[in-house]
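Novice: Pasting in a structure now, in structure tokens, and then I'll have a few things to ask.
This is the structure in structure tokens:
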């Protein structure tokens, strides 16, 4: 939901809200509140500009909305003029604020309006499980399973790293959720714990802190696996991930996990910090 700028007129066009500037010249802004499926920013930009002859496109400016959702701003030069675009990335959908600028003299008006509307876009989803920024292990395959992202190394000694959506801290602290992941999650399936290390303190490069523990165990009639469980937290959320291998834990495995942990970015609060383009502008 976006506010209507003072002096602008709004009209519906199917699922879209079209905003017209005060003098009705220079172009228009088209807002669509929910578009699915969610994709990389590159893919979303291609969808928005599909069928348009694009002459040039700027690298996006990565921002956050006033209520703490991830967002981006980008500009494109087209055969017919300019496009000033805002994208708000939410759980499994995104919103688009798309200005079609027909008069070069109106470019700054539309650019500033799209920026304000993108930041002011409201979805009122509140506290919930949320995906968060991180740098995936280079060369690993990824897949989604519900609220999990799973990275797999492949090869003769397969390794999997599971990342869960960040959980609100009201559900439990990092230690409490670590214990749940370690002992309870697979208990009904027969996972038997052989041994476990004591908790070690860990910290990301972005200020998150928490615990890490290594356990060995197995399901009935299956090989022994080693798991490294990490739970980080900030004031609002707990960020959990698990490395698992049946091929024996190696130093290189821990290095990959350490790099991934170090890359985790805390979820934004209202009017948060700018984000590094690497984390979103990747196909």
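Residue numbers (the numbering used here): -13 to 269. C-beta: ideal position from N, C-alpha, C; glycine also.
1. So, does the CB of residue 136 fall closer than 8 Å to a CB anywhere in chain D?
2. Would you mind stating whether residue 230 and residue 211 have Cβ atoms separated by less than 8 Å?
3. Does DSSP put residue 69 in a helix, in a strand, or in coil?
4. For residue 235, which three-state DSSP category applies?
5. Hey, which unbroken runs of the alpha helix (DSSP H) at 4 residues or more fall wholly within the stretch -3 to 75?
6. Is it the case that the stretch 234 to 248 contacts the stretch 118 to 136, given that we only count it when at least three CB pairs across the two stretches are under 8 Å?
7. Let me confirm a value: residue 0 is counted as buried when at least 16 other C-beta atoms fall within 10 Å, else exposed. Which label applies?
8. Locate the beta strand (DSSP E) running through residue 148, then write down its first and last residues.
9. What's the gap between the Cα of residue 5 and the Cα of residue 95?
10. Specify whether the stretch 146 to 154 and the stretch 174 to 184 touch according to this definition: at least 3 beta carbon pairs, one from each stretch, less than 8 Å apart.
11. Where does residue 236 land, buried or exposed, given buried means 16+ other C-beta within 10 angstroms?
12. Evaluate residue 113 with the Cβ neighbour count: other Cβ atoms within 10 Å of its Cβ, from every protein chain shown; 16 or more gives buried, anything less gives exposed.
Specialist: In short:
1. Among the protein chains of the structure shown there is no chain D, as only one such chain exists.
2. Yes, they are a contact pair.
3. Residue 69 carries a strand assignment under DSSP once its states are collapsed to helix, strand and coil.
4. Reduced to three states, the DSSP call for residue 235 is coil.
5. Look at the stretch -3 to 75 and you find these whole runs of alpha helix (DSSP H), each 4 residues long or longer: 27 to 34.
6. A contact is defined here as three or more CB-CB pairs under 8 Å, and the stretch 118 to 136 meets this definition with respect to the stretch 234 to 248.
7. With fewer than 16 Cβ atoms within 10 Å of its Cβ, residue 0 is classed as exposed.
8. Per DSSP, residue 148 belongs to the beta strand (DSSP E) from 145 to 150.
9. In a straight line, the C-alpha of residue 5 is about 13 Å away from that of residue 95.
10. Not touching, per the Cβ criterion.
11. Classification of residue 236: exposed, given that the 10 Å Cβ count is below 16.
12. Around the beta-carbon of residue 113, fewer than 16 other beta-carbon atoms lie within 10 Å, marking it exposed.
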